[in-house]
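Take a look at the structure set out below.
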Amino acid sequence: MPKLAYFDCPTGIAGDMCLGALVDAGTPIAYLSEQLDRLGLSAEYHLESERVRRNGQQGTKVHVHLLHPPAFKSAEPGVDVHSTFDHDAHQHSPDRTRHLPEIEQLITQANLSDRATDWSLAVFRRLAEAEGAVHGISPAQVHFHEVGATDAIVDIVGTCIGLDWLGIEQVYCSALPVGGGTIRAAHGRLPVPAPAVLKLFELRQIPIYSNGIDRELVTPTGAAIATTLATSFGAPPPMILRKVGLGAGGRDLALPNLLRLWIGETEAHSTKAEQHPHPHPHSIAPNPANSIESIAVLETQIDDCSPQAIGYVFDRLFAAGAVDVFTQAIGMKKSRPGIC
30 MPKLAYFDCP
40 TGIAGDMCLG
50 ALVDAGTPIA
60 YLSEQLDRLG
70 LSAEYHLESE
80 RVRRNGQQGT
90 KVHVHLLHPP
100 AFKSAEPGVD
110 VHSTFDHDAH
120 QHSPDRTRHL
130 PEIEQLITQA
140 NLSDRATDWS
150 LAVFRRLAEA
160 EGAVHGISPA
170 QVHFHEVGAT
180 DAIVDIVGTC
190 IGLDWLGIEQ
200 VYCSALPVGG
210 GTIRAAHGRL
220 PVPAPAVLKL
230 FELRQIPIYS
240 NGIDRELVTP
250 TGAAIATTLA
260 TSFGAPPPMI
270 LRKVGLGAGG
280 RDLALPNLLR
290 LWIGETEAHS
300 TKAEQHPHPH
310 PHSIAPNPAN
320 SIESIAVLET
330 QIDDCSPQAI
340 GYVFDRLFAA
350 GAVDVFTQAI
360 GMKKSRPGIC
């Protein structure tokens, strides 16, 4: 049965929040771990999920625990470290780096489902395109530091695996909050949104806004997932809502720091619609796309006509299918009373 997914992002989107929302919506964490093990990176990380509260609301937080943490860490807990992507690989000689072709090879050789494979490759290619544009190099030259890239690979590929497990065929996304402030990166501070995130916004030309929270709300992995997989951005599409998954971010914010994943079906494909071909007219929500109609408005002014004729015209107009007819007293030329 075809399904829709809508990423509702009041406090932004990040890769680990996507994983949390998918697990909260029913994707087994054991299934994600088993599928991700096919990438051959299981010695580099450990996947764990837990129930947490954000401003009193429950959600699922997925942790990607790196078994060999990078030397550079952010001074602010919960802030993503933006040392994953770099075109100056020689500056980080202690760590071997992965570049796009190697990551593509990891994904294609993992024997994942066709859809999870295609989605994962598309997301990484878009992310490399944005990073390359920021640094003035080709996507193939973008280097992903081995340890720092592990969580990005798990986030992106895991999200695609989870969406595929849920049977999602079309993805939509809300407008994204830009956040504010600065973040710590390997070579100093960067403004929020990070350069790669801003480039992804530009390349896809998505609607963005400020929700007044001066934190990093959209990470490069989150932006890459949204801008690659989403068919459109804005209001949710017409659907019958079946499930909501809540993926928690790393800290409490002014708003509940939860990515809300709405999972539903179009009215035409809903199970109930198939079982009950003639439902009660009020048993399902109306489709806004079907409630819009065009109305033509005809106006005129009359200053010399008997009232009896006006009444006759009313009857003929309603008989011809007019939605409404009305008159209004007005003043015409030479101060004569008239109607319109």
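For the sequence shown, the positions run 30 to 369 when this note's numbering is used. Cβ atoms here follow ideal geometry from the backbone N, Cα and C, with glycine treated the same way. Keep in mind it's a predicted model, so treat the numbers as computed, not measured.
Straight-line Cα distance separating residue j from residue i
| i | j | result |
| --- | --- | --- |
| A151 | T257 | 7 Å |
| I42 | V326 | 45 Å |
| D370 | G85 | Outside the displayed range of the chain (30 to 369) lies residue 370, so it cannot be described from this structure. |
| D109 | T248 | Low confidence applies to D109: its pLDDT is 42, below 50, so where it sits in the model is not reliable, and the reading given next is rough at best. One C-alpha to the other measures close to 7 Å. |
| T329 | F347 | 17 Å |
| R233 | A252 | 10 Å |
| G293 | L195 | 11 Å |
| Q134 | Y201 | 28 Å |
| E63 | L141 | 11 Å |
| I254 | I324 | 41 Å |
| V352 | G367 | 23 Å |
| D143 | R67 | 14 Å |
| F355 | M361 | 18 Å |
| C369 | D344 | 16 Å |
| S167 | L270 | 42 Å |
| I331 | T295 | 50 Å |
| A104 | K272 | Its pLDDT being 36, under 50, A104 is placed unreliably by the model, and the measurement read from it follows with that caveat. Rounded to the nearest angstrom, the two C-alpha atoms are 37 Å apart. |
| S71 | P220 | 33 Å |
| E79 | R218 | 31 Å |
| H94 | G165 | 32 Å |
| V342 | K363 | 25 Å |
| M268 | I339 | 47 Å |
| Q170 | L227 | 20 Å |
| H172 | F153 | 12 Å |
| P336 | A358 | 12 Å |
Delimiting residues of the alpha helix (DSSP H) encompassing residue i
| i | result |
| --- | --- |
| R155 | D143 to H164 |
| I292 | No alpha helix (DSSP H) contains I292, which is instead part of the beta strand (DSSP E) from L287 to E294. |
| E328 | It is not in any alpha helix (DSSP H) - E328 carries neither H nor E in the DSSP assignment. |
| I132 | L129 to T137 |
| S239 | No alpha helix (DSSP H) holds S239; DSSP gives it neither H nor E. |
| E77 | First-last for E77: Y74 to R83, but that is the beta strand (DSSP E), not the alpha helix (DSSP H). |
| V221 | That residue, V221, is in no alpha helix (DSSP H); it is neither H nor E in DSSP. |
| V52 | G44 to D53 |
| A351 | It is not in any alpha helix (DSSP H) - A351 carries neither H nor E in the DSSP assignment. |
| A169 | Taken as a continuous stretch (DSSP letters only), A169 belongs to no alpha helix (DSSP H), as it is neither H nor E. |
| L65 | I58 to L65 |
Exposure label - residue i; buried when at least 16 CB within 10 Å
| i | result |
| --- | --- |
| R289 | buried |
| H75 | exposed |
| D184 | buried |
| F262 | buried |
| E1 | Residue numbering for the chain in the displayed model covers 30 to 369; residue 1 lies beyond these limits and cannot be assessed. |
| I321 | For I321, the predicted model reports a pLDDT of 48, less than 50, meaning its position is unreliable and no value from the coordinates is stated. |
| C334 | exposed |
| F230 | buried |
| A145 | buried |
| A283 | exposed |
| R365 | exposed |
| A264 | exposed |
| K90 | buried |
| A54 | buried |
| I212 | buried |
| T260 | exposed |
| A318 | Because A318 carries a pLDDT of 44, less than 50, the predicted location of this residue cannot be relied on, and the following value inherits that uncertainty. Exposed is the call here. |
CB contact flag (residue i, residue j, <8 Å)
| i | j | result |
| --- | --- | --- |
| L33 | Q138 | no |
| A50 | G274 | yes |
| R83 | L287 | yes |
| I182 | I242 | no |
| P222 | V163 | no |
| L192 | A157 | no |
| T40 | G278 | yes |
| T203 | D37 | The displayed chain sequence assigns Ser, not Thr, to residue 203. Yes, these two residues count as a Cβ contact at 8 Å. |
| I197 | L61 | no |
| E73 | T179 | yes |
| I136 | V186 | yes |
| C47 | G350 | no |
| G69 | T250 | no |
| E77 | H92 | yes |
| Y35 | P285 | no |
Extent of the continuous beta strand (DSSP E) to which residue i belongs
| i | result |
| --- | --- |
| D37 | K32 to D37 |
| P366 | P366 to I368 |
| T260 | A259 to F262 |
| C202 | I197 to C202 |
| L346 | Looking at the DSSP string, L346 is not in any beta strand (DSSP E); the run it does join, the alpha helix (DSSP H), is P336 to A348. |
| K90 | Q86 to L95 |
| G360 | A358 to G360 |
| V273 | I269 to A277 |
| T211 | T211 to A214 |
- Query: Does the region 235-249 touch the region 204-213, meaning 3 or more C-beta pairs lie closer than 8 Å?
  - Reply: Contact holds: three or more Cβ-Cβ distances are below 8 Å.
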